[in-house]
Structure formats: structure tokens, C-alpha cells
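In my numbering, each residue carries its 1-based index in the sequence shown increased by 1.
Note that beta-carbon positions come from the ideal geometry of N, C-alpha and C, so glycine has one too.
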Amino acid sequence: MKVSIIGGGGLVGSMAAYALHLGKIASHICILDANAQVAEGVALDILQGTSLVADQRVTAGTIEKDIPDSHTVVITAGLRRKPEESRLDLINRNVDLFLGLLAQVKAAGLKPTTNLVVVSNPVDILTHLAVERSGLDWRRVIGLGTQLDTARLNSHLARRLSLPATQVRALILGEHGDSMVPIWSSATVAGLPLAHWPGYTPTLEREVFEETKTAGATMIKLKGGSGFAVGVSIREVVESLLLDSRKVLPVSSLQQGLYGIRDICLSVPTVVGSGGARDQVEVAISPREHVALGNSARVLRDILEQVRARLSGKPVVAVAPAAAATAPAQTPSAPQASAERTVPRQAWQAR
Ligand SMILES: NC(=O)c1ccc[n+]([C@@H]2O[C@H](COP(=O)([O-])OP(=O)(O)OC[C@H]3O[C@@H](n4cnc5c(N)ncnc54)[C@H](O)[C@@H]3O)[C@@H](O)[C@H]2O)c1
């Protein structure tokens, strides 16, 4: 099955392509990028290893030629922050880029059975706009959401507690951003409650979550951006779509009322398989986590309102320049009056 990656010449897109290559599930990986030469280079570089990995076609392509017969389209194209640029300006530039790409993808002839996986930030907002404008059923539009954040949380917990990372199971739900919600109430190690694991303390919990929440900014500082972990996170979602694995993944999709949330895209446990987001799952979480999830939805709704106001030509509420983050996920603040609303700085906007 063919997977096309728009933005595949960049760090995230090329890592996703490489992870898919090593996964041996996609039969055709197609790299698309505004920088056609880099796309050609990434495709050729991966292709040169196929004789050692799998019988795959790896090509560079164009939206017009390659989207119509793609099983899954992954969008990783994005822009970097300019010096002195406000947070809302960066969101708006990414929204404009994304809507332009979406229009091109639609015009190329997107089949109703194609899956669209949105990775570019702000991922929950762009996923929402893709649901509204792609013409695809909402189930076919999946944002990477908190899939990477969840992977990071488990890996960091495993490192701190000297555990095998694949046996740590803790979820992050909500926004891929500062209001993300760690779900400690259901966290386990090898099927046993994490809260009772030797060495596990509330301090460790706080520290590991903080490390996870700031991981994007740390990656930007250390090496220019996230690559390897986001690549395998994308692979997990794409392979579940391709194989109809029906894995329950913390990905972003249009909420239908579970956890009291609807008409906004954010991450809840989602069954991913043939047909896309086959089901969203509500399981009991603690009352604090429930409230924090509602807060996450509110934060996203505020940003979406600002984006929509600009797109519809209405005046946009001024956005404060400082980097004050939102309230901690576990202690949601009361909703602010709209004139005081700010668009929170997110890790992905640090560069
Ligand atoms: N959702 C997540 O968990 C997550 C994690 C990491 C990064 N991201 C996001 O992924 C995006 C990409 O990050 P990156 O580090 O790869 O950036 P990058 O700058 O390395 O790559 C972006 C690529 O997009 C391409 N591009 C720009 N405009 C294009 C267009 N109109 N058509 C086709 N290609 C176009 C660029 O040429 C570039 O190759 C960003 O929005 C980033 O914030 C999301």
C-alpha cells in the first residue's frame, strides 16, 4: 500500500519515511516536498537500502500525480518560527500553509477511502480544519495528537525506574501542547499498577511529566527538532491503518461527546484501523484528569476561535507577547474573558 508524505524532505517527514521503510509494511513510500531536490535525495537515500530491508518502491513525487492512488497521506510540512514572531502569527502562517496544501490535495483527487494523518503543528487545530475542509469523513482524518507525548512519557518513566520501556503503559490525552493531560490513574508496569511500583513517588511523577512536556523544546535546543521518536510514533499510526490492527492509540480526532467533549479535535483513546478512527473510547479516569481534559478542550477551542476569526475576516483579539504557559494540566484555571485570552506558547513554537 502506498503512503505519501508531504513535507517528507524535512526532519520529521524523512524520519517517518525511514521508520516506515524499516517497518516493511508499506509497499510504496512516496516523498513530496516543496524542495523537490531534497525530496529526491531522501527518496534515493532510503531506496539505496531497500536491497537490505524490504521490497519497497521509494520515490519522490508530486501532489497531483501521487495523492490520487495513495492509501494514506501524511502531512508533515510546516514552517519554523521567525525571530520576533508572535505565537498567533506562527499558528496563522502554518494554518495558511496547511489550508493551501489541503486545497491542492483535494484538487488532485483525494479518494474518500484515503486516510489523512496530520502531523504538522498546531496538530489538533490543523486536524480540525482538515475534517472541515478535506471532504473526507471525520474518521479518515487523524492527527498524531499525543502519540509522541505518550511514547516519551513511557520511555522517560522506564529510564527513571530502570524498567523495560515496552512494559510501561501510561497515557497522555488532550492537546498536543501545554494542556496535555497525563493519565496516571490507569498507568501500569507489566499489568501492575505503576503507583505501587517500588521507587515510584509523586515527585518522580511530576518530574517525568515535566520532562515529557518540555521534550519538544529540548529537542529543538539539542539538535534542531524531534526526529527519531516522532518518526516511529507516525509509523505506529500508519501501520495500524495499513494492517487494520485496531490498536488503541492516543491520536487526535473530531470528538463526538465522550468525556463531555465534542466538536473539537484532541486525543482520546482511539481504535485505529481500516476506515481510520474506528472508535473513540471512554474509560473511567480520575475526576481531576477529567477536569483537566475539559480544560485542554477549552484551550484548543480558544485557539480555534482565533484562527476562525482571522479566516472569516473578523478582527482578531490581541495576543499577549509573553511566554506565559497555560495552567498546569492538573489544575485547570477558570475560563478567561475573551479579551484577555492568550494563545499559549507551545514547545513546537520554541524555535
Ligand atoms: N505532532 C507532533 O507530535 C510533532 C512532532 C514534531 C514536529 N511536528 C511538526 O512537524 C512539522 C515539521 O517539522 P520539521 O522539523 O520536519 O520541519 P522541517 O522544517 O525540517 O521540515 C518541513 C518541511 O516541509 C516542507 N514544506 C514547507 N512548505 C511546503 C509545501 N507547501 N509543500 C510541501 N512541503 C513543504 C519544507 O520544504 C520542509 O522540508 C512542524 O509543523 C512541527 O511543528 C509535530
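Query	Result
Of the listed residues A35, V238, G101, nearest to G24 (C-alpha basis)	V238
Residue(s) in a DSSP beta bridge with K3	H29
Limits of the unbroken alpha helix (DSSP H) element including V233	229-244
At least 3 beta-carbon pairs within less than 8 Å: the segment 251-270 vs the segment 216-230	no
CA nearest to the CA of Q57, picked from F210, D150, A108, Y19	Y19
S135 CB to nearest heavy atom of ligand 1 below 7 Å	no
Beta bridge counterpart(s) of T358 as assigned by DSSP	Since the first and last residues shown for the chain are 2 and 352, residue 358 lies out of range.
Presumed contact (8 Å Cβ cut-off) between A152 and S246, rounded CB distance	Between S246 and A152 the Cβ distance is about 16 Å, and since that is not below 8 Å, they are no contact.
Cβ-Cβ separation, I30 to L21 (assumed contact under 8 Å), whole Å	6 Å
Exposure label - G9; buried when at least 16 CB within 10 Å	buried
Enclosing beta strand (DSSP E) for N116 [first to last residue]	116-119
Rounded straight-line distance, which links the Cα of R289 to that of V13	33 Å
Simplified DSSP assignment, three categories, for T63	coil
Assumed close pair C266, V169 - CB separation to whole angstroms, cut-off 8 Å	The pair is not a contact, with the Cβ atoms about 27 Å apart (cut-off 8 Å).
Exposed unless 16 or more other CB atoms sit within 10 angstroms - verdict on R236	buried
L145 - DSSP class collapsed to helix/strand/coil	coil
Under the three-state DSSP convention, the category S297 falls into	helix
Beta bridge counterpart(s) of Q281 as assigned by DSSP	T271
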